[in-house]
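Note sheet for the following structure.
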Amino acid sequence: MNKLSLTVLLGSLALAAPALAADPAAGEKGFNKCKACHTVTLADGTVAVKGGKTGPDLGGVIGRPVASVADFKYGDSILAVGATGAVWDEASLATYAADPTAWLKEKTGDDAAKSKMTFKLAAGGEDIAAWLATQK
Ligand code: HEC
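Residue 136 is where the sequence shown ends in the working numbering, and the numbering goes up by one at each step.
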């Protein structure tokens, strides 16, 4: 194989990798599990998913500082993580959704940390995170 075709091959592998890792279309369906407690409002005010208000709005959550929706009453543990300047990315959101309390214990280093989110996602957090990344 010459150098050019190797470069092309590596380039297309790099493009294909994220698509293989997470599926936003599957994530949009998966978000049905979150909808009872979370609404998704886009920056222009459009309500992309009209859901519950038990949890904070998740519009634009990827890239947003942890626990930063002004009018939402967060629990102390997630506020402590937010105070460190942590920002949601797809990987952290997927890990959080699988077990919010375990994620808070790890991030705060406090075994008594607790989450107000009582739901645990069995599978598909990466897909939901990839879909949320498109909801800005
Ligand atoms: C039973 C209600 C409920 C369900 C279902 C639920 N959540 Fe939550 N979620 C909450 C609550 C309440 C909080 C606030 C947690 C706190 O203050 O400790 C929260 C917080 C969050 C946060 C932190 C947001 C921020 O502003 O920092 C993310 C991210 C999140 N949820 C994602 C999800 C995803 C993804 C799903 C579906 C897989 C989901 N949640 C399902 C109730 C829920």
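Idealized CB from N, CA, C, for every residue including glycine.
Looking at the structure shown, is residue i part of a helix, part of a strand, or coil, going by DSSP?
i      : result
ALA113 : coil
ALA19  : At ALA19, the pLDDT of 48 sits below 50, so the modelled position is not reliable; the number obtained from the coordinates is stated separately. Here ALA19 sits in helix by DSSP.
ALA25  : helix
Within its chain, find whatever has a CB closer than 8 Å to the CB of residue i; leave out the 5 residues flanking it on each side and keep chain order.
i     : result
LEU42 : ALA48, GLY59, GLY60, GLN135, LYS136
ALA86 : PRO65, VAL66, SER92, LYS107
Closer than 6 Å by C-beta to residue i: which residues in its own chain qualify, once you throw out the five before and the five after it? Chain order, please.
i      : result
ALA22  : GLU126, ASP127, ALA130
GLY124 : GLY30
ASP76  : none
Can you tell which of the options has its C-alpha closest to the C-alpha of residue i?
i      : options                       : result
VAL81  : GLU106, MET117, PHE72         : GLU106
LYS33  : LEU132, PHE119, ALA133        : PHE119
ASP71  : GLU90, MET117, PRO65, PRO56   : PRO56
ALA122 : SER115, ALA94, LEU132, GLU28  : ALA94
TYR74  : GLU28, GLY109, LEU104, ALA133 : LEU104
THR108 : LYS50, GLY52, ILE78           : ILE78
GLY52  : ALA133, THR39, ASP111, VAL87  : THR39
THR84  : LEU132, VAL69, PRO65          : PRO65
ILE62  : GLU90, CYS37, ALA25           : GLU90
ALA98  : ALA25, THR46, SER115          : SER115
Among residues of its own chain, excluding the 5 on either side of residue i, which ones have a beta-carbon nearer than 7 Å to its beta-carbon?
i      : result
MET117 : GLY55, PRO100
ALA19  : Note that ALA19 scores a pLDDT of 48, beneath 50, so its modelled location is shaky and nothing firm can be said.
ALA67  : TYR74, ILE78, LEU79, VAL81, GLY82
*Hey, which unbroken runs of the beta strand (DSSP E) at 3 residues or more fall wholly within the region 64–133?*
DSSP runs (the beta strand (DSSP E)) wholly in the region 64–133: none.
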